[in-house]
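Numbering (this note's numbering), first residue to last: 228 to 655.
For every residue, glycine included, the Cβ atom is placed at its ideal position computed from N, Cα and C.
Here is the structure we will look at, set down as structure tokens.
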């Protein structure tokens, strides 16, 4: 078969398969991420039917998927909202980092992966999945709950931390010296500070320069600018993903809203390709040997994430039930864990299988902990004579108050991979 013909056949089959898998995931109320990973495992090296003709195209598509994931993430926030989150949520962000990055780093050192592997696996266990969490909160009807801004604050801190973490990891993976790594970090911090300053002071001018009434022109300008900046950032060892994130932050208002609507379908397509590609690059035979350490890591970091959410909600004055809901909601890992593992797999191949198994476990467990952590905690408290904690909470109760229709609410409404299912659990 001609190379081009084989490419078209394989690519068409992959995209069609992703669509069918995504629809099935929506029917059963599951995030499609684990199914995308399983599909990649099934058709990659060592799988059932290896896809050779489309491998190079899929690799490029995966890079674009990462760029679009971070661009759309940046479009969700304005610079002022990011600055506010930094001022109010930094203690929770620090606790989040210590509790959830430490298990990954320790596990990597025990496995003999060295400092680079420790930094990479720490990121895998640290960052929650904003996409899965957004879908879960929408499905459970918790957008108006008082703990919702707390959850969003933790996610925002993690997103901002990526602008520092990714350049540092990229420099370490490239094997640069301490001075070179420090330079990359300084460049990244300088770029973040410059973009925040320009967005705060001159955001309207930047958005006006990019703005266009023609959707086609807006799409081309924003996408072209993002890919260009991502390429320059990659050349400077800062990370293409961070460059895309900064472009998203720099745009605001109607331009950001229009770009978000135009780019969301592209993001969903290429993000799915990215998850499939990560699965393709992992040999299924490598998964069983790492299931035990992956499961242990999943158990430990489930409890550490619950502790993170509980602490952050308590700082915000949220009652007992809201604290447990916040903790259970933050458990899911997904897109960022795979992005980090994808960057590290070339230098430390052993991180691919364990990251895949880890994400597969927590992307399934996450929605369950979001639903059941608070009821289980209430039963335990009742048995101990605690009376189950606070009174029942609803939309009109003390624990629920409307969330302003700003970036946080837009964030929850726009990260779903599929059309949300009807809310299955309004409030406990």
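Query: Short Cβ contact (7 Å threshold) for residue 371 with residue 434; Result: no
Query: Beta-carbon proximity of residue 415 to residue 394, cut-off 7 Å; Result: yes
Query: Presumed contact (8 Å Cβ cut-off) between residue 399 and residue 346, rounded CB distance; Result: 6 Å
Query: Proximal residues to residue 197 (C-beta, below 8 Å), its chain only, five neighbours per side dropped; Result: A question about residue 197 goes unanswered here, because the residues of the chain that appear run from 228 up to 655.
Query: Straight-line gap, residue 570 to residue 374 (C-alpha atoms, nearest Å); Result: 33 Å
Query: Residue 540 and residue 469 closer than 7 Å at C-beta; Result: no
Query: Cβ-Cβ distance between residue 460 and residue 302 below 7 Å; Result: no
Query: Those runs of the alpha helix (DSSP H) which lie wholly inside the region 280–325 and span at least 4 residues; Result: 282–302
Query: Contact set for residue 457: own chain, Cβ-Cβ below 7 Å, skip 5 residues either direction; Result: 294, 467, 470 and 471
Query: Buried/exposed call for residue 586, threshold 16 Cβ in 10 Å; Result: buried
Query: Alpha-carbon spacing of residue 582 relative to residue 440, whole angstroms; Result: 43 Å
Query: Span of the alpha helix (DSSP H), counted from its first residue to its last, around residue 594; Result: 578–610
Query: Any 3 or more C-beta pairs closer than 8 Å across the region 349–362 and the region 316–336; Result: yes
Query: Touch test, the region 591–598 against the region 545–565, Cβ-Cβ under 8 Å, three pairs minimum; Result: yes
Query: Length at least 3, wholly inside the region 323–350: the beta strand (DSSP E) runs in chain order; Result: none
Query: Among 566, 344 and 322, the one whose alpha carbon lies nearest that of residue 504; Result: 566
Query: DSSP bridge partner residues for residue 441 (one or two, in chain order); Result: In DSSP, residue 441 forms no bridge with anything.
Query: Contact check, residue 357 vs residue 382, beta carbons under 7 Å; Result: yes
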